[in-house]
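Peer 1:
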Amino acid sequence: MYLTKEEEKTLRGDDGETLQKAMGILVALGDIYGADALIPIKSAQVSGVSYKTIGDAGLEWISDLKGTVKVPSVLNPAGMDLQNWERINIDVHFAKKQLEIIQAFKNLGIDSKCTCTPYYLDGFEVGYRDHLAWGESSAISYANSVLGARTNREGGPSALSAALVGKTADYGFHKPENRIPNFEITVGFELSGSDFGALGFIAGKMIGNKIPIFHLTKAPASDEMKMLGAAMAASGAVALYHIAGVTPEARDKNIVFDRPSERIAIEKSQIDTVYASADNSSAGRPDIVTVGCPHCSKEELEQIAKLLTGKTVVKEFWIFTSREVANKNKNLVSEIEKSGAKVVCDTCMVVSPAGDKYSCMMVNSGKAYAYVPGMCGMKSVFGTVERCVKEALGENI
Ligand SMILES: C[C@@](O)(CCOP(=O)(O)O)CC(=O)O
Ligand code: SF4
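Below you can see the structure in the form of structure tokens.
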């Protein structure tokens, strides 16, 4: 891979050991994937933040780094709400370690907003064709598909290296020729809300890491596309999708997609089987309900607040969102919390040990439905947000 004189110097160690390590990781990836050069990035999102997933080894690796990130950089969710960890059963040992990890990242100049929805944050606006180095699979899918930006599936170390250098290797989804749909999915009936999470769960399992183009009966809302992409990235390894007539590249007059030869149609009965998990007695009654995977938008908080107004939950009900979205919508947070539900920031049901003491979690997210059993060692059942709220209120018959 071609390097400029400056980049050669950094690789040689002239700018210190941390930047030498970071440049080494970028050059190794570039050589493996055939990049011809490094390209500047607009922002980075660094995964590998929760003490539950990176442990002491991760804490040590990050603490040894010296330097300052060159682009706006934000963290993926941590293992707890960084301000109110006690109210979600986090023990003091975990909390201490988690705060040490956050401090180690802050020492590098990284923003500790801890979210998988950086695109909602001030200072992380994303435009069409922006080059990014993001690490969380749902964020990558949203940036690539809904915003038409360009990021590969960065691991924690490669996203952090890109943040420190301010560049990434030019391969994969950074190149237009690698963004062409190779699988057609038609859905001939109307979808709404968490149906998109169910669709993503089914499609991801069927297509693995292909690049699907969807033909739908109507244009989804951005939250619905968020759920679709998150689920496909969890049950499969889809990092980019298109929706005919809707997503930026599918609407770009200068881009012509040939019709993929691999084609499937999804039937309503397939969507219904994902919902049926909630009726399956072997899963047992949920003892906790969570929404916000990916983190809730303002609109999703509004919907939940409306459903909860004047009511009281009888089960643990956690609503995950970024601290910035919560701080900007304090009225919605207090409306939700009047019911006894908890708005939890900086973390989520998957990367936190907070849910470990429960046995069955009800979720409205196809991603959480896919990940909770493996990452949290408990059962998951899937429902619409309305059904989840009813479960938390003890109103499901
Ligand atoms: C499950 C996930 O959303 C959260 C875990 O992320 P992390 O690698 O621990 O930051 C990771 C992902 O899907 O990219
Ligand atoms: S809430 Fe969901 S999408 Fe966000 S980090 Fe957790 S598992 Fe990933």
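Converting from the sequence shown to the numbering used here requires adding 893 to each position, the first position being numbered 1.
For every residue, glycine included, the Cβ atom is placed at its ideal position computed from N, Cα and C.
#1: Using a 10 Å radius around the Cβ and a threshold of 16 neighbouring Cβ atoms, would you call residue 1069 buried or exposed?
#2: Considering only heavy atoms of ligand 2, does any lie closer than 7 Å to the CB of residue 1038?
#3: Could you tell me if residue 991 is buried or exposed, where buried requires 16 or more neighbouring beta carbons within 10 angstroms of its beta carbon?
#4: Are the region 1221 to 1240 and the region 1189 to 1203 touching by the rule of at least three beta carbon pairs closer than 8 Å?
#5: Starting from residue 1077 and walking both ways along the beta strand (DSSP E), at which residues does that stretch end?
#6: Look at the Cβ atom of residue 1256, then the Cβ atom of residue 1275, and state whether they are nearer than 8 Å.
#7: Are there 16 or more other CB atoms within 10 angstroms of the CB of residue 959, so buried, or fewer, so exposed?
#8: Taking contact to mean 3 or more Cβ pairs, one atom from each stretch, closer than 8 Å, check whether the region 982 to 996 and the region 1008 to 1026 are in contact.
#9: Looking at residue 1042 and residue 1058, is the spacing between their C-beta atoms short of 8 Å?
#10: Which residues mark the beginning and the end of the beta strand (DSSP E) in which residue 1254 is found?
#11: Does DSSP put residue 995 in a helix, in a strand, or in coil?
#12: Could you give the residue range of the alpha helix (DSSP H) that holds residue 1269?
#13: Closer than 7 Å by C-beta to residue 929: which residues in its own chain qualify, once you throw out the five before and the five after it? Chain order, please.
#14: Going by DSSP, what residue range makes up the alpha helix (DSSP H) through residue 904?
#15: Rounded to the nearest angstrom, what separates residue 1124 and residue 899 at their Cα positions?
#16: So, does the region 991 to 1002 touch the region 1259 to 1271, judging by three or more C-beta pairs under 8 Å?
#17: Along the alpha helix (DSSP H) that carries residue 1141, what are the first and last residues, could you check?
#18: Is it the case that the Cβ atoms of residue 1211 and residue 925 are separated by a distance below 8 Å?
#19: Under the DSSP definition of a beta bridge, which residues are partnered with residue 968?
#20: To test your reading of the DSSP string, which unbroken beta strand (DSSP E) runs of 3 or more residues are found completely within the region 1227 to 1255?
#21: Could you give the distance in angstroms between the alpha-carbon of residue 942 and the alpha-carbon of residue 1143?
#22: Ends of the alpha helix (DSSP H) at residue 920?
#23: Confirm the yes/no value for this check: CB of residue 1013, any heavy atom of ligand 2, distance under 7 Å.
#24: Please confirm whether residue 1126 and residue 1031 have their CB atoms less than 8 Å apart.
#25: Tell me whether residue 934 sits in a helix, a strand or coil according to DSSP, three-state version.
#26: Is the region 1071 to 1079 close to the region 1106 to 1115, with three or more CB pairs under 8 Å?
#27: For the region 1005 to 1015 against the region 958 to 974, are there 3 or more C-beta pairs whose distance is under 8 Å?
#28: Pull up the DSSP beta-bridge partners for residue 1025, would you.
#29: Under 7 Å: does the beta carbon of residue 1251 sit that close to some heavy atom of ligand 4?
#30: If you drop the 5 nearest sequence neighbours on each side, which residues of the same chain put their C-beta closer than 6 Å to that of residue 1209?
#31: Give the range of the beta strand (DSSP E) segment to which residue 1211 is assigned.
#32: Can you confirm whether the region 1159 to 1173 touches the region 1083 to 1098 when touching is taken to mean that 3 or more C-beta pairs between the two stretches lie within less than 8 Å?
#33: In this structure, does DSSP put residue 1114 in helix, strand or coil?
#34: Please state if the CB of residue 1141 and the CB of residue 1013 are separated by a distance shorter than 8 Å.
#35: Considering only C-alpha positions, which residue in the set 1152, 1189, 945 is nearest to residue 1249?
#36: Quick check on residue 1280: does DSSP put it in helix, strand or coil?
Peer 2: On the basis of the coordinates in this document:
#1: exposed
#2: no
#3: buried
#4: yes
#5: 1076 to 1080
#6: yes
#7: exposed
#8: Note that the region 982 to 996 does not touch the region 1008 to 1026; fewer than 3 beta-carbon pairs, one per stretch, sit closer than 8 Å.
#9: no
#10: 1253 to 1256
#11: helix
#12: 1259 to 1269
#13: 894, 895, 1063
#14: 898 to 905
#15: 41 Å
#16: no
#17: Where residue 1141 is concerned, the enclosing alpha helix (DSSP H) starts and stops at 1141 to 1144.
#18: no
#19: Paired residue(s): 939.
#20: Entirely contained in the region 1227 to 1255, the beta strand (DSSP E) runs reaching 3 residues are, in chain order, 1235 to 1238.
#21: 34 Å
#22: DSSP places residue 920 in the uninterrupted alpha helix (DSSP H) bounded by 910 to 925.
#23: no
#24: yes
#25: coil
#26: yes
#27: yes
#28: Answer by DSSP bridge pairing, in chain order: 936.
#29: Of the ligands this structure carries, namely ligand 1 and ligand 2, none is ligand 4.
#30: Around residue 1209: 1181.
#31: 1209 to 1214
#32: yes
#33: coil
#34: no
#35: 945
#36: helix
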